[in-house]
Amino acid sequence: NYDSSAIDDEDFSFWDAGLNYKLSEALTLDASYKVDFVESVSTGTYKSKRYEGSLSYSKFITSTLSAFHSKSEYLEENREDKSTGISLDLTMPVTEKLSGTITGTYTKYTFKPEDTKDKRYSLRLALNYELKITTLSIGYTYNKNNSTDDTKDYKNNIIWAQARITF
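In the working numbering, the protein residues as written are 1195 to 1361.
Right, dumping it as structure tokens:
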């Protein structure tokens, strides 16, 4: 039973802003803020706000330490999701076109009104091969979710392949 009056008066603007500051030849600081609306068949319409900051160091190995916080407010149901986390990404060239990447992520989630709290750990390994406008990647991802709701606890192992075109 859909009630459009719940969202008629909402502000549907979406935007993002970011700053990038080069502290030295090898060190870069980034910060961003994003407001977005998402319409999904499975989760409904929600407004999302995300803050993110990162510090990157790039010499032979590129390393990026990122922190983020996001909040999603659902417009068609009484629901709010929050997530806060940190990520460390290391990329090392093997040859001129081949590189290896390892990424570790920790995210803490809070889901209301259930007041469920999840802690999610992720480790991702990848090999990337760069062509002129395409990067081919293969990798492995391990995820572990620890929740205050035991039915949401899980571990999974994912083997994946990707082709990314940039132009």
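No residue lacks a Cβ here, since even glycine has one placed at the ideal position from N, Cα and C. If you're wondering where the values come from, they're calculated on a predicted model, not measured in any experiment.
Exercise for review: Quick one: residues in its chain with C-beta nearer than 8 Å to the C-beta of ASP1347, no 5 flanking neighbours on either side, listed in chain order?
Suggested key: ASN1339, ASN1340 and SER1341
Review point. Cα separation between ASP1224 and LYS1241?
Key: 23 Å
Review point. Since SER1277 contacts TYR1303 with CB under 8 Å, what's their CB separation in whole angstroms?
Key: 5 Å
Check your understanding: Whose C-alpha, out of LYS1326, THR1345, TYR1334 and THR1329, is nearest the C-alpha of ALA1320?
Key -> TYR1334
Check your understanding: Ordered along the chain, which non-local residues of its own chain (more than five positions away) have a Cβ less than 6 Å from that of ASP1275?
Key -> SER1266 and PHE1305
Check your understanding: Taking Cβ to Cβ, would you say LEU1221 is nearer than 8 Å to TYR1245?
Key -> no
Check your understanding: Cβ of THR1295 within 8 Å of Cβ of LEU1284?
Key -> yes
Check your understanding: So who's on the other strand from PHE1305, going by DSSP bridges?
Key -> ASP1275 and THR1310
Review point. What's the gap between the Cα of VAL1229 and the Cα of THR1297?
Key: 26 Å
Practice item. Report the rounded CA-to-CA distance for TYR1336 versus ILE1353, giving the unit in angstroms. Key: 9 Å
Review point. How many Å lie between LEU1330 and PHE1262 at the Cα?
Key: 27 Å
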